[in-house]
Amino acid sequence: MWKVFVPLAVFVIASSACPLEVASIREFDSYRLPNKTIPTHYDLYLDTNVHLDDLDYSGNVKIRILVLESTSEIVLHSTRSIIVNLELRNNDQLPIALKGFDFDADKQFLIVDTKEILPAGSSYVLDIDFSNSLDRTDAAGFYRSSYVNSEGVTKYLGLTQFESTDARSAFPCYDEPGIKTTYSVQIACGVEYTARANAPALGIQLLPGGKKLTTFQTTPRMQTYLVAFLVSDFASERQVVSQPHQIAVSTFARPTASHLLTYSVDASVRFLRELEIYFDQTYAMSKIDNAAIANVDFAAGAMENWGLVTYRESTILFDPETQGESQQLSVVGIVGHEYAHQFFGNLLAPQWWSYLWLNEGFARLYQYYVSEFSHPELNMRDRFASVREGALSTDASATVRPMTHYVETRGEISRLFDNIAYAKAASVLRMMNYAITEPTFQKGLRYYIQQNKDHGVANEENLFDSLEQAAKEDAQLPPSLTMNEIFRSWSNQPGAPVVTVKRVGDTNEFLFNQERFYSSPPETPGGQSWWIPISFYTPSTDGQYNSSAAFWMPPHETDVSFSIQMAEGDFPVVNPLARGYYRVNYDWQTWENIISALYESPDTFHRLTRSQLVDDAMNLAHAGKLDYFVAFQVLDYLTEESDFIPWSTAASNLKFLERMLRHDAEALENLKSYRSMLAANLLATYGFEAIKGESADAEAARLIALELACNVDDSCQAEAARRLRSSRNSESFVIGSKTEQVLICSQMRKSDNNNFSIMLNSLKNTRDSFARSYLINTISCFESEHSIIALLESLKSNDFAASEKTQILKSIYSNSLTGLKAIIDMFDTTTNVCEEMNIPERELTALLEDMAEYTTQPDTASRLTNLVKRKAPTQLVDTVQVKLRENQSWIQRNAAIVSELLKTPPQIDM
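Shown next, in the form of structure tokens:
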């Protein structure tokens, strides 16, 4: 447990040396700062002793303040810090008399009351001495991590994770995203340790007692959640690039991982340079550091702190001796995401959290799209397919929020970091990129950066205006249309459409209709509609895809007619390459033509189009908009498919069926046999053994084949049994690859308690991030009730990080009904889940919401509903109940039909 600092009876010493009383707490109407004052600069000093294993630290912050409206109070944020001394001085360094201060614990406000009115336009320095501690286990704020060195000694370090509202827990500050200013930082630490911060170091001064003081350059104007420090004895690798301007790029990690840094440094240099070229914008500082943090101590995948990016070790380290292109792709993807943030989120901050998607949508899109130039060998653009499919799945729920969504409380802000902010926003941006053509979209983004970077804060209107300017200049929009009305139809309402395309007889005329797509048809569907860019191609055009919008389908109009010139026997494929953020349905004859072409010559369709056809067909069937017989005919073509992209889509859809049918043992076994039949050729193509130097696509295809076929295929079962024996000795399990993990998982489902005990002990004694991840994924595969309960009990210990606990819990309830019921039992009988399991409340809330996706039995649904009512925020209850109703609706409408089809899976003879 961390130390709880509640400064209720703390006195502050004014310049007159008279103690100030803590004033009575007052009421504030909003969780947002009143902003009658704003900061114009921070001088921040921190004194640490983490090198001595002392996790307490002291600090001083001097905040230069500008008064915007005459006031007698200064309101900023502070929590956890003990205020030791507080003074307010004017520009002449003269003290301003204070009445006192108070705290609003709920809103985490620090309120300083002055005896005189501070006039608008005046400026002051708020000078605060404080103490605090790194001894916290929630992986937030300024906190501690550790590693075991080569001599077996535990070494501690201090690092930060401030997004979204945790800078205030490290030092008093104005902790809102739209408030940007500069920072001058000094950090004292042991001489054998290194302090890093956002900006490059200016100098180092030796201090008494074996310590040193590092002074850093003043940062660009930035928001508090990007402020970052790292105090460690990490090793590093550095590359300095001088052209076209000098940048020093480094990766820091525990010394025992110093041989795993080269690839990340090279990938960082390449990606950052391509970002500068693509957006015609120079990176704002002369250095950027990557820091690899033990997985157990880092809740996020990575964090884009300006100039000091932090990562989980497993996402940034690369061993060329044991790892291949798959890990390279992971490193490039995560570096690309965080480096895109250096422009979208750092240089341009969101005006408020409502516009979080302006950060995360761009970062998610360009981690795939700029890699086309920095790492073309990885072919990452096509991998965006899974991002779009995940977004459409999320957006099909009746409870989903829009991209732009106003929030205030910390809990509400935390819940914004979801698939809508990341995947949907990226998918909509990608659609606009193609609709107005990539050169025009790129030009619009360059305008967006140049027109807003001086102010440094942006909202969606700023983006729309810049894209509008470029689109009009390049004549990429009809004269009557504006980018504002187009884009707002996507950003300001929830959901996504399905476009139904029907041919009029044998003519070349087609009618287009749109409606919101729901995974479960609502009783009263709304009248939502969008401006939809329609593109298409026909096979007779030799695969020449229409990549920009052929026309814009207007909202609130039905039977929009459009003529498509076609040869005899031809048919259109709408939304080729899945560039638009919408699903497509066709008339019966067009579906038959598409299915015939899939069987006869699947390569006629690009792999992204094949993937889209699979995803649309299955989801349309789930929603009752397409006969399941047709959907399974589309799936059947996969018996001859060997490409990873369509198979990845198929696998996620088959997993959905497994989830919805797991209450029916016979249907579930038939589904396993069916998917094994589909994947038999895929397994034969890629086999059981990874091949050194193979592509990431090949490795991913193999893993899909193993996951789908191994529970039924005899040869796969035999290989899995062999891998289980070879990975285990009398005292431990060692799993060295993802392939081994997937194979052994299939054996663990019915494995004995002895294997479980040995694996649990191995997991507790393993620190290596990769090995630990494999063990976590494998131990979650046990399905015996005894093993699951034992694993759940072990999660109450300190052997697992909070992020690992949520990962294990999710694996348990997604793997089996037994696991789901065991977790509900545990949550039900635990007085305070967050406290007893040391899981942040936001993580518990996310888990409970996700559990609803896997709850299909009425009795279990009733128990989960009651649990959520008692353990979760009020607003989550409706969301969970809707998800549970959607599951029951699917079962009532579809379970019998799908079960019957799986008894004799449909085959097509074309």
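Numbered by mature numbering (1 follows the signal peptide of the UniProt record, and there is no 0), the letters in the sequence shown go through residues -17 to -1, 1 to 893 in order. Idealized CB from N, CA, C, for every residue including glycine. Source: prediction; values computed, not measured.
Answer with buried or exposed for T265, where buried requires no fewer than 16 other C-beta atoms within 10 angstroms of its C-beta. If you number the sequence shown from 1, residue 265 lands on position 282. That one is exposed.
Cα separation between L666 and D121? Working through the sequence shown from its first residue, we reach residue 666 at position 683. Working through the sequence shown from its first residue, we reach residue 121 at position 138. Their backbone Cα atoms lie some 42 Å apart in a straight line.
Leaving out five residues on either side along the sequence, give the residues of the same chain with a beta carbon under 6 Å from the beta carbon of M205. As a first step, residue 205 is located in the sequence shown; it is residue number 222 there, counting from the start. If we look at M205 and ignore the five residues flanking it on each side, its Cβ neighbours are K163, W289.
Which of helix, strand or coil DSSP assigns to L213: Residue mapping note: residue 213 aligns to position 230 of the sequence shown, counting from 1. Note: L213 maps to strand in three-state DSSP.
In the DSSP output, which residue or residues are listed as bridge partners for N568? By one-based count along the sequence shown, residue 568 stands at place 585. In DSSP, N568 forms a bridge with T483.
Enumerate in chain order the residues of its own chain whose CB-to-CB distance from N602 is below 8 Å, with the five nearest sequence positions on each side excluded. Mapped onto the sequence shown, residue 602 falls at position 619. Result list for N602: L375, S376, A379, F500, S502, R566, N636, in chain order.
Near I880, which residues of its chain fall below 8 Å by C-beta distance, leaving aside the five closest residues on each side in sequence? On the sequence shown, residue 880 is found 897 positions in, with the first residue counted as 1. Only Y611 meet the Cβ criterion.
Let me know if A103 comes out buried or exposed under the rule of 16 or more other beta-carbons within 10 Å of its beta-carbon. Here the question's residue 103 lines up with position 120 in the sequence shown. Exposed, because fewer than 16 other Cβ atoms sit within 10 Å of the Cβ of A103.
To the nearest angstrom, how far is it from the Cα of F493 to the Cα of T573? Looking up residue 493 in the sequence shown gives position 510. Looking up residue 573 in the sequence shown gives position 590. Computed Cα separation, rounded: 11 Å.
K804 burial status per 10 Å Cβ neighbour count (16 or more: buried): Within the sequence shown, numbered from 1, the residue matching residue 804 stands at position 821. Label assigned to K804: buried.
Measuring alpha carbon to alpha carbon, tell me which residue in A855, D811, M731, T812 is nearest L827. Residue 827 sits at position 844 when you count from the first residue of the sequence shown. If we check each option's Cα against that of L827, A855 comes out closest.
Can you tell me the Cβ-Cβ gap for L38 and T20, rounded? I've got them flagged as a contact below 8 Å. Within the sequence shown, numbered from 1, the residue matching residue 38 stands at position 55. Within the sequence shown, numbered from 1, the residue matching residue 20 stands at position 37. Wrong, their Cβ atoms sit about 33 Å apart, outside the cutoff.
Jot down the residue ranges of each uninterrupted alpha helix (DSSP H) in the stretch 762 to 786, minimum 4 residues, whole runs only, in chain order. 768 to 777
For S659, three-class secondary structure by DSSP: Working through the sequence shown from its first residue, we reach residue 659 at position 676. Of the three classes helix, strand and coil, the one that applies to S659 here is helix, per DSSP.
So the alpha helix (DSSP H) V822 belongs to, where does it begin and stop? As a position in the sequence shown, residue 822 is number 839, starting the count at 1. Rather than Val, the amino acid found at residue 822 in this sequence is Ile. From DSSP, I822 is part of no alpha helix (DSSP H); its letter is neither H nor E.
With a threshold of 16 other CB atoms inside 10 Å of the CB of S463, please say whether the residue is buried or exposed. In the sequence shown, counting from the first residue as 1, residue 463 sits at position 480. Counting Cβ neighbours within 10 Å, S463 comes out exposed, since fewer than 16 surround it.
Option in G192, G193, S167, P203 with minimal Cα separation from G186: Within the sequence shown, residue 186 is the residue found at index 203, counting from 1. When each option's Cα is compared against that of G186, the closest is S167.
Secondary structure, alpha helix (DSSP H): runs of 4+ residues fully inside the stretch 238 to 322: 245 to 262, 296 to 299
Which term fits T887, buried or exposed, when burial requires 16 or more other beta carbons within 10 angstroms of its beta carbon? Along the sequence shown, one-based indexing puts residue 887 at 904. Under this definition T887 is an exposed residue.
Note down the Cα distance separating S269 from A275, rounded to an integer number of angstroms. Working through the sequence shown from its first residue, we reach residue 269 at position 286. Working through the sequence shown from its first residue, we reach residue 275 at position 292. Roughly 20 Å separates the two Cα atoms.
Let's see if you can read the secondary structure: which residues bound the beta strand (DSSP E) around Q222? Here residue 222 corresponds to residue number 239 of the sequence shown, with the count starting at 1. Taken as a continuous stretch (DSSP letters only), the beta strand (DSSP E) holding Q222 covers 218 to 224.
Could you give the distance in angstroms between the alpha-carbon of L800 and the alpha-carbon of R645? Within the sequence shown, the letter at position 817 stands for residue 800. Within the sequence shown, the letter at position 662 stands for residue 645. Rounded to whole angstroms, L800 to R645 spans 7 Å at the Cα level.
May I ask you to report which of helix, strand or coil DSSP gives V136? If you number the sequence shown from 1, residue 136 lands on position 153. Coil at V136, not helix or strand.
Closest Cα partner of S147 within the set G394, A550, V717: Along the sequence shown, read from residue 1 onward, the residue named residue 147 stands at position 164. Nearest option by C-alpha distance: G394.
The stretch 347 to 354 / the stretch 311 to 325 touching (three or more Cβ pairs under 8 Å): yes
Which same chain residues end up closer than 6 Å to T587 when comparing Cβ atoms and leaving out the 5 residues on each side of it in sequence? As a working mapping, residue 587 is identified with position 604 in the sequence shown. Around T587: P522, A580.
Pull the bridge partners of E327 from the DSSP assignment, please. Here residue 327 refers to the residue found at position 344 when the sequence shown is read from its first residue. The sequence given here has Phe at residue 327, not Glu. Partner(s): L331.
Just verifying my parser: in three-state terms, what is the DSSP assignment at I628? The residue given as residue 628 occupies position 645 in the sequence shown. I628 falls in the helix class under three-state DSSP.
Pop quiz: S756 and A684 are said to be a contact at Cβ under 8 Å. What is the actual Cβ separation, rounded to whole angstroms? Numbered from 1 along the sequence shown, position 773 holds the residue referred to as residue 756. Numbered from 1 along the sequence shown, position 701 holds the residue referred to as residue 684. Going by Cβ atoms, the distance from S756 to A684 rounds to 21 Å, so no, they are not a contact pair.
Drop a sphere of 10 angstroms on the beta-carbon of H438, count the other beta-carbons inside from all chains shown, and report buried for 16 or more, exposed for fewer. Position 455 of the sequence shown, counted from the start, is the residue given in the question as residue 438. With fewer than 16 other Cβ atoms within 10 Å, it is exposed.
Out of curiosity, what's the CA-to-CA distance linking D861 and L847? Here residue 861 refers to the residue found at position 878 when the sequence shown is read from its first residue. Here residue 847 refers to the residue found at position 864 when the sequence shown is read from its first residue. So the alpha carbons of these two residues sit roughly 12 Å apart.
State buried or exposed for L22, treating a residue as buried only when at least 16 other CB atoms are found within 10 Å of its CB. Taking the first residue of the sequence shown as 1, we reach residue 22 at position 39. Just to set this straight, residue 22 is Pro in the shown sequence, not Leu. So P22 ends up on the buried side.
If you draw a straight line from the C-alpha of L661 to the C-alpha of I515, how long is it? Working through the sequence shown from its first residue, we reach residue 661 at position 678. Working through the sequence shown from its first residue, we reach residue 515 at position 532. Their Cα atoms are separated by approximately 35 Å.
Would you grab the beta carbon distance between Q311 and L361 for me? Rounded to a whole angstrom, and I think it's under 8 Å. In the sequence shown, the residue the question calls residue 311 occupies position 328. In the sequence shown, the residue the question calls residue 361 occupies position 378. Indeed, because the Cβ distance is near 7 Å, the residues count as touching under 8 Å.
Check whether the stretch 542 to 556 touches the stretch 324 to 335, taking contact to mean three or more Cβ pairs, one atom from each stretch, closer than 8 Å. no
Count the other C-beta atoms from every protein chain shown that fall within 10 angstroms of the C-beta of N568, then say buried if there are 16 or more, exposed otherwise. Here residue 568 corresponds to residue number 585 of the sequence shown, with the count starting at 1. Buried, since its Cβ has 16 or more Cβ neighbours within 10 Å.
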